[in-house]
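**Student:** -10 is the number of the first residue of the sequence shown in our numbering; add one for each residue after it. Every residue gets a Cβ at the ideal spot worked out from N, C-alpha and C, and that includes glycine.
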Amino acid sequence: MSHADSNPLQLFLDRLTRRSILTADERKAVLALPTQAVDVKARHDFAYVNEVTPYVCLIASGIVARFAQTDGGARQTTALHLPGDMADLHSVVRPIAVGGLNALTDATILLISKGAIRSLAARFPGIAEACWRDCMLDAAILTQWVVNVGRRDARARLAHMFCEMAFRLSTGRDPVLDYPLDVTQEQLGDAAALTSVHVNRTLKSLGALVLVRSGRVVIYDWAELARVGDFDAAYLQADTIPDRQRRLITV
């Protein structure tokens, strides 16, 4: 089943249950969350730094960037969010947005009341724990992105990004080697802190390992791409092995 054809709440639940154990009642409660769908055109911002909103944003379709921006207008993408991701789950407990949200492609966003999330967490502590763990995954990804733009060269930055997406778009424990990523070179540059010209030159230098064309990424040599990108999937797979899953809250 593709991301686009799936129930976004089911995709979010699948994301939670990869790392957390939820009861049947807890799963039903997540799927029963009230939502309001909003369509956003590509390249449009729909949430802003320091904005206070009454809802969180679940990505139903498309690709969304979280970003920060300097006073001079220079923008840095700090996260890419895919269908099933709740792009600002952390804002349930910190209402002031720490980053803006921009639709890189045409996207459908499900707005979910922060009050509904808080009520759900109060009624089902196991769901609160799962959401907490989900926020920790976002923090782990952000840590790698900081290292990426701060300590890796251009080839490694893009290679690492393509490797990460290969795991995040996978429904199993192995990476997908052919996947959609309908973003421009300028948008890749905003994520990798590179100019679009530098991105173009770097993609050519990686041509023997990966092809990026017509909104798709095709990986020819996974082992070498991972080596170039200094990529280790442990930060994405922590607690996903069944015998490592834990339910700390038992009430």
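Taking its Cβ as the centre, do 16 or more other Cβ atoms sit within 10 Å of residue 8, making it buried, or is it exposed?
**Tutor:** The residue in question, residue 8, is buried, as its Cβ has 16 or more Cβ neighbours within 10 Å.
**Student:** Assuming residue 91 is part of the beta strand (DSSP E), what are its boundary residues?
**Tutor:** Element bounds for residue 91: 89 to 92.
**Student:** Can you tell me whether DSSP reads residue 57 as helix, strand or coil?
**Tutor:** If DSSP states are grouped into helix, strand and coil, residue 57 belongs with the strands.
**Student:** What are the boundary residues of the beta strand (DSSP E) that residue 252 is part of?
**Tutor:** Any question about residue 252 goes unanswered here, given that the chain covers just -10 to 240.
**Student:** Got a sec: is the Cβ-Cβ distance from residue 216 to anything in chain C below 8 Å?
**Tutor:** No chain C is part of this structure, which consists of one protein chain only.
**Student:** Could you tell me the alpha carbon to alpha carbon distance between residue 211 and residue 122, rounded to whole angstroms?
**Tutor:** Their backbone Cα atoms lie some 29 Å apart in a straight line.
**Student:** Have a look at 155, 0 and 43 and flag the residue whose alpha-carbon is nearest the alpha-carbon of residue 16.
**Tutor:** When each option's Cα is compared against that of residue 16, the closest is 0.
**Student:** Quick one, are the C-beta atoms of residue 95 and residue 46 less than 8 Å apart?
**Tutor:** For residue 95 and residue 46, no; Cβs fall outside 8 Å.
**Student:** By Cβ distance below 6 Å, which residues in the same chain neighbour residue 205 in space, the five residues on each side in sequence not counted?
**Tutor:** Cβ neighbours of residue 205 beyond the five flanking positions: 169.
**Student:** When the Cα of residue 117 is compared with those of 82, 196 and 154, which residue comes out closest?
**Tutor:** For residue 117, the nearest C-alpha among the options comes from 82.
**Student:** List in chain order: all unbroken alpha helix (DSSP H) runs of 4+ residues lying wholly within the stretch 81 to 122.
**Tutor:** Listed in chain order, the complete alpha helix (DSSP H) runs (minimum 4 residues) inside the stretch 81 to 122 are 103 to 112.
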